[in-house]
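Undergrad: Numbering (the working numbering), first residue to last: 7 to 435.
Glycine included, each C-beta is placed from N, C-alpha and C at the ideal position.
Given the structure is predicted, the values throughout are model-derived calculations rather than measurements.
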Amino acid sequence: MLRTPALLLCAALALAGCTSAPLAIETPASTPRMPQQALAPVILVSIDGFRNDYLDRNQTPNLAAMVAGGARAEYMRPSYPSITFPNHYTLVTGLRPDHHAIVHNMMSDDALGDFRVADANSTQDARWWAGTPLWVSVERSGRVSASWAWPGSHASIEGVRPEYRHDYDDGITPAERVGEVRQWLAEPGARRPRLVTLYFEAVDKAGHDHGPDSPQYADAVRSVDAALGLLFAGMRADGTHADTDIVIVSDHGMATVTPDHVIATEDMVPPAIARVVAYGQSIGIEPLPGKAAEAEKTLLGTHPQYDCWRKQDLPARWHYGSNPRIPAIVCQMREGWDAIPRQQLLKRDKTAERGSHGYDPALPSMRAVFVAGGPSFRHDVVLAPFDNVDVYPLLARLLAIPAEANDGDITPLLPALATAPAAVSATRP
Numbered sequence: 007m008l009r010t011p012a013l014l015l016c017a018a019l020a021l022a023g024c025t026s027a028p029l030a031i032e033t034p035a036s037t038p039r040m041p042q043q044a045l046a047p048v049i050l051v052s053i054d055g056f057r058n059d060y061l062d063r064n065q066t067p068n069l070a071a072m073v074a075g076g077a078r079a080e081y082m083r084p085s086y087p088s089i090t091f092p093n094h095y096t097l098v099t100g101l102r103p104d105h106h107a108i109v110h111n112m113m114s115d116d117a118l119g120d121f122r123v124a125d126a127n128s129t130q131d132a133r134w135w136a137g138t139p140l141w142v143s144v145e146r147s148g149r150v151s152a153s154w155a156w157p158g159s160h161a162s163i164e165g166v167r168p169e170y171r172h173d174y175d176d177g178i179t180p181a182e183r184v185g186e187v188r189q190w191l192a193e194p195g196a197r198r199p200r201l202v203t204l205y206f207e208a209v210d211k212a213g214h215d216h217g218p219d220s221p222q223y224a225d226a227v228r229s230v231d232a233a234l235g236l237l238f239a240g241m242r243a244d245g246t247h248a249d250t251d252i253v254i255v256s257d258h259g260m261a262t263v264t265p266d267h268v269i270a271t272e273d274m275v276p277p278a279i280a281r282v283v284a285y286g287q288s289i290g291i292e293p294l295p296g297k298a299a300e301a302e303k304t305l306l307g308t309h310p311q312y313d314c315w316r317k318q319d320l321p322a323r324w325h326y327g328s329n330p331r332i333p334a335i336v337c338q339m340r341e342g343w344d345a346i347p348r349q350q351l352l353k354r355d356k357t358a359e360r361g362s363h364g365y366d367p368a369l370p371s372m373r374a375v376f377v378a379g380g381p382s383f384r385h386d387v388v389l390a391p392f393d394n395v396d397v398y399p400l401l402a403r404l405l406a407i408p409a410e411a412n413d414g415d416i417t418p419l420l421p422a423l424a425t426a427p428a429a430v431s432a433t434r435p
C-alpha cells in the first residue's frame, strides 16, 4: 500500500560545514540552487550487513554514545529479499522491492537483459531503477545532494545524479570515506549538501568471508565505528554536531553458514528444465519454454533445505511477487543454508565457516540497525520494531521535502522526534 504525506512540517535547522571540495557532478542547469542558511545537512549512513545485536556487544563505543544521545530501534525489519541492493533502494524510496523493481541483486529483464551488482553497465542503467530516490527530490528542490556509493546513486535516475558522488571503490577505507564526506560538508552556502548518503561494505564482506561471530567481523565493526567516531569528533570540533541530523542504518543482518550447509542449484532443478536467475538464499527460477509443469513438480513445496512457491503464492507478509522481474518460481533457503551454482561450489573452501543473509526478514539474524541523533531527535529513546520502508517518510520530513508515494508510515518513528508533526501519512492507493 502506497502512502503520501497529508502535511509536511519541519523546523528549520542551522547550517553546518567542515573542510574542502572534490569532483562535482552537475545536475541540470534548469534547477537553480537555493540559499541554505537555515538548512543543515541530513546524513544517512549504511553499515551493510551490520546485525542488530552487535549494538549490544560493546564493540561500538561511538555508536553507543550516539544511542545514548539519540534514538535507536529495538530492531528494524528489512524488506524481502533481505539482500543489499533491494534494501538500500527501499531505504531511499520508501518502496518495497516489488514496487521499485530492484527485486534482487541478480535479475533478468526481457528488454534490458541481466542485472548484476558487480556489473557497472547494468547498475548504471537508469531503466532498472523505478521510484524516486531522496537525492533526486533534493536536487529538484534546488538543494545539493552527495553520495558515497549508495546503491543507485551512480545511475542517472529521472535524469538526475547527486551533485557530489563517489562511485563504489572497496580500496578506500572507512576513515578515508568520512574524510571525503567532511570535504563535501565544507562547501559554502548553496554548495553545501542538504543530503549526504554514505555506504560502508566492510562489515558485510567480513561476514560473508568469515561469519558473523568471527574476529574478522568484529574487527570490521570496530573499523567502521572508529570512522564514525572521526565524523562525530570533527563535527564536535567545528560545532556542527548540534545542528545536523544523522541516521545510521543497516540493510540486513547476517547468519552463520557452515561448510556442509551449501547445495548446488543444479541439484534443486536440472538446467534442462529451468534457468536459475538468482541464487544464494532467495532463489529465482524461470522454467524453460514448455517446462513449467515439470519445474513446478520438481520444486514446489517443502524440501529439507528450502521451500518453493509460485511467485503469486509467496507469503503475503513478504509483500513480494507481483513485479514482472521476479521469476515464476521463488525458493527460500532455510536459515544457514546457501544454494549456488556447482561451479562455484567446487571452488568454495570446504573447511571455512562463512556468513550469509537473504533469509526470511522475520528471523532475528536478519534484523537491521536503526540509530538516529541530532536536533530533531529525543535522547535515550528505544523504538518498537518497524519496517525499513518507514525510514523514508522520516527522512523526507527531516529534509523538508514532499515525500513521493511510498509504502512507509512515519507513525512508528514519531516517539523519537523532538517535535511531533501535526499530521502523519495518509493512505494512497
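1) Looking at the structure shown, is tyrosine 60 part of a helix, part of a strand, or coil, going by DSSP?
2) Which runs of the beta strand (DSSP E) at least 3 residues long sit entirely within the segment 262 to 335? Give them in chain order.
3) Look at the alpha carbon of glycine 165 and the alpha carbon of tryptophan 141, and state the distance between them as a whole number of angstroms.
4) Is it the case that the segment 358 to 373 contacts the segment 292 to 300, given that we only count it when at least three CB pairs across the two stretches are under 8 Å?
5) Secondary structure at serine 362, three-state DSSP: helix, strand or coil?
6) Excluding five sequence neighbours on each side, which residues of the same chain lie with their C-beta closer than 6 Å to the C-beta of isoleucine 252?
7) Please state whether the Cβ-Cβ distance between glutamate 186 and valine 388 is less than 9 Å.
8) Mapping the DSSP letters down to three states, classify alanine 12 as helix, strand or coil.
9) What residue range does the beta strand (DSSP E) around methionine 113 cover?
10) Tyrosine 205 bridges to which residues according to DSSP?
11) Nearest-angstrom Cα distance between serine 328 and glutamine 318?
12) Excluding five sequence neighbours on each side, which residues of the same chain lie with their C-beta closer than 7 Å to the C-beta of serine 162?
13) Does the distance from the C-beta atom of glutamine 65 to that of arginine 183 stay below 9 Å?
14) Leaving out five residues on either side along the sequence, give the residues of the same chain with a beta carbon under 6 Å from the beta carbon of methionine 260.
15) How big is the Cα-Cα spacing for tyrosine 223 and valine 377?
16) Distance, Cα to Cα, isoleucine 269 vs aspartate 344?
17) If you draw a straight line from the C-alpha of valine 395 to the C-alpha of serine 52, how long is it?
18) Please state the DSSP three-state secondary structure of tyrosine 170.
19) Compute the beta-carbon to beta-carbon distance between leucine 234 and leucine 69, rounded to the nearest angstrom, for a pair I have assumed lies under 8 Å.
20) Between leucine 21 and aspartate 273, what straight-line distance do the alpha-carbon atoms span, to the nearest angstrom?
21) Below 8 Å on the Cβ atoms is my contact criterion, and I expect glutamine 338 with aspartate 313 to pass it. Report the Cβ-Cβ distance as a whole number of Å.
22) Quick check on methionine 82: does DSSP put it in helix, strand or coil?
23) DSSP on aspartate 251, reduced to helix/strand/coil?
24) Do you know whose CA, among Glu341, Trp135 and Trp156, lies nearest aspartate 3's CA?
25) Quick check on this structure: which residue in Phe91, Tyr95, Arg102 and Ala46 has the alpha carbon closest to the alpha carbon of arginine 323?
26) Going by the beta-carbon positions, is the gap between tyrosine 326 and leucine 97 smaller than 9 Å?
27) Give the secondary structure of leucine 234 by DSSP, where H, G and I count as helix, E and B as strand, and everything else as coil.
28) Cα separation between proline 421 and alanine 74?
29) Suppose contacts are defined by Cβ-Cβ distances below 9 Å. Is proline 199 in contact with serine 151 by that definition?
30) Going by the beta-carbon positions, is the gap between tyrosine 365 and methionine 112 smaller than 9 Å?
31) Would the beta-carbon of histidine 106 fall within 9 Å of that of isoleucine 89?
32) Would you kindly work out how many angstroms separate the C-alpha atoms of aspartate 355 and arginine 63, rounded to a whole number?
33) Please classify histidine 385: is it buried, with 16 or more other beta-carbons within 10 angstroms of its beta-carbon, or exposed?
34) Can you tell me whether methionine 339 is helix, strand or coil according to DSSP?
35) State the Cα-Cα distance for the pair histidine 171 and alanine 390, rounded to the nearest angstrom.
36) Entirely within the segment 340 to 409 and at least 3 residues each: give me those beta strand (DSSP E) ranges in chain order.
TA: Concretely, from the data shown:
1) By one-based count along the sequence shown, residue 60 stands at place 54. Helix.
2) List check, beta strand (DSSP E) in window: 268 to 270, 280 to 284, 288 to 293 and 312 to 316.
3) Start at 1 with the first residue of the sequence shown, and residue 165 comes out as number 159. Start at 1 with the first residue of the sequence shown, and residue 141 comes out as number 135. Spanning the two alpha carbons is a distance of roughly 12 Å.
4) These segments do not touch.
5) By 1-based counting over the sequence shown, the position of residue 362 is 356. Assignment of serine 362 by DSSP, reduced to helix, strand and coil, places it in the strand class.
6) Start at 1 with the first residue of the sequence shown, and residue 252 comes out as number 246. Its chain contains Ile49, Gly379 and Gly380 as the residues whose beta carbon lies nearer than 6 Å to that of isoleucine 252, once the 5 sequence neighbours on both sides are disregarded; these appear in chain order.
7) Along the sequence shown, one-based indexing puts residue 186 at 180. Along the sequence shown, one-based indexing puts residue 388 at 382. No, these two residues do not count as a Cβ contact at 9 Å.
8) Here residue 12 refers to the residue found at position 6 of the sequence shown. Unreliable placement is indicated for alanine 12, whose pLDDT of 34 sits below 50; the coordinate value is still reported in the next sentence. Of the three classes helix, strand and coil, the one that applies to alanine 12 here is coil, per DSSP.
9) The residue labelled residue 113 in the question sits at position 107 within the sequence shown. 112 to 115 is the span of the beta strand (DSSP E), which, as asked, contains methionine 113.
10) As a working note, residue 205 is residue 199 in the sequence shown. According to DSSP, which records beta bridges pairwise, tyrosine 205 is partnered with Ser52.
11) Here residue 328 refers to the residue found at position 322 when the sequence shown is read from its first residue. Here residue 318 refers to the residue found at position 312 when the sequence shown is read from its first residue. Taking the straight line from one Cα to the other gives about 7 Å.
12) By 1-based counting over the sequence shown, the position of residue 162 is 156. Cβ-Cβ distances below 7 Å link serine 162 to Ala132 in the same chain, with the five nearest sequence neighbours on each side left out; the list follows chain order.
13) As a working mapping, residue 65 is identified with position 59 in the sequence shown. As a working mapping, residue 183 is identified with position 177 in the sequence shown. Going by beta carbons, glutamine 65 and arginine 183 fall outside the 9 Å limit.
14) If you number the sequence shown from 1, residue 260 lands on position 254. The residues Gly55, Arg57, Gly213, Pro218, Gly361 and His363, in chain order, have a CB closer than 6 Å to that of methionine 260 in the same chain once the five nearest residues on each side in sequence are set aside.
15) Looking up residue 223 in the sequence shown gives position 217. Looking up residue 377 in the sequence shown gives position 371. So the two alpha carbons sit approximately 20 Å from each other.
16) Your numbering for residue 269 matches position 263 in the sequence shown. Your numbering for residue 344 matches position 338 in the sequence shown. Each residue's Cα considered, the two are about 6 Å apart.
17) For this step, residue 395 is matched to residue 389 along the sequence shown. For this step, residue 52 is matched to residue 46 along the sequence shown. In this model, valine 395 and serine 52 are separated by some 15 Å (Cα to Cα).
18) Looking up residue 170 in the sequence shown gives position 164. Strand.
19) For the purposes of this step, residue 234 is taken as residue 228 along the sequence shown, with counting starting at 1. For the purposes of this step, residue 69 is taken as residue 63 along the sequence shown, with counting starting at 1. Beta-carbon to beta-carbon, leucine 234 and leucine 69 are separated by about 7 Å, close enough to satisfy the 8 Å threshold.
20) Position 15 of the sequence shown, counting from 1, holds the residue named residue 21. Position 267 of the sequence shown, counting from 1, holds the residue named residue 273. Residue confidence is low: leucine 21 scores 26 on pLDDT, short of 50, so the model does not pin down where it sits. Its coordinate-derived value is still stated next. Cα-Cα distance, rounded: 58 Å.
21) Taking the first residue of the sequence shown as position 1, residue 338 is located at position 332. Taking the first residue of the sequence shown as position 1, residue 313 is located at position 307. Between aspartate 313 and glutamine 338 the Cβ distance is about 6 Å, and since that is below 8 Å, they are a contact.
22) Taking the first residue of the sequence shown as position 1, residue 82 is located at position 76. Secondary structure of methionine 82 (DSSP, three-state): strand.
23) Working through the sequence shown from its first residue, we reach residue 251 at position 245. Strand.
24) For residue 3 there is no data in the structure shown, the boundaries of the chain being 7 and 435.
25) Walking along the sequence shown from the start, residue 323 turns up at place 317. The shortest Cα separation from arginine 323 among Phe91, Tyr95, Arg102 and Ala46 belongs to Arg102.
26) Sequence index remark: in the sequence shown, residue 326 carries index 320 (1-based). Sequence index remark: in the sequence shown, residue 97 carries index 91 (1-based). Not closer than 9 Å, so no.
27) The residue you call residue 234 lines up with position 228 of the sequence shown. In the structure shown, leucine 234 sits in a helix (DSSP, three-state: H, G or I).
28) Locating residue 421 in the sequence shown gives position 415, counting from the first residue. Locating residue 74 in the sequence shown gives position 68, counting from the first residue. Note on geometry: alpha-carbon atoms of proline 421 and alanine 74 lie some 15 Å from one another.
29) Indexing the sequence shown from 1 puts residue 199 at position 193. Indexing the sequence shown from 1 puts residue 151 at position 145. Taking a C-beta distance under 9 Å as the contact criterion, proline 199 and serine 151 qualify as a contact pair.
30) In the sequence shown, residue 365 corresponds to position 359, counting from 1. In the sequence shown, residue 112 corresponds to position 106, counting from 1. Their beta carbons are not under 9 Å apart, which means tyrosine 365 does not touch methionine 112 by this criterion.
31) Against the sequence shown, residue 106 aligns to sequence position 100. Against the sequence shown, residue 89 aligns to sequence position 83. No, these two residues do not count as a Cβ contact at 9 Å.
32) By one-based count along the sequence shown, residue 355 stands at place 349. By one-based count along the sequence shown, residue 63 stands at place 57. Spanning the two alpha carbons is a distance of roughly 29 Å.
33) Here residue 385 is taken as the residue at index 379 of the sequence shown, counted from 1. That one is exposed.
34) What you label residue 339 is simply residue 333 of the sequence shown in a count that begins at 1. If DSSP states are grouped into helix, strand and coil, methionine 339 belongs with the strands.
35) Walking along the sequence shown from the start, residue 171 turns up at place 165. Walking along the sequence shown from the start, residue 390 turns up at place 384. Note that residue 171 corresponds to arginine in the displayed sequence, not to histidine. Answer to the nearest angstrom: the Cα atoms are 34 Å apart.
36) Within the segment 340 to 409, the complete beta strand (DSSP E) runs of at least 3 residues are 344 to 346, 360 to 362, 376 to 379 and 387 to 389.
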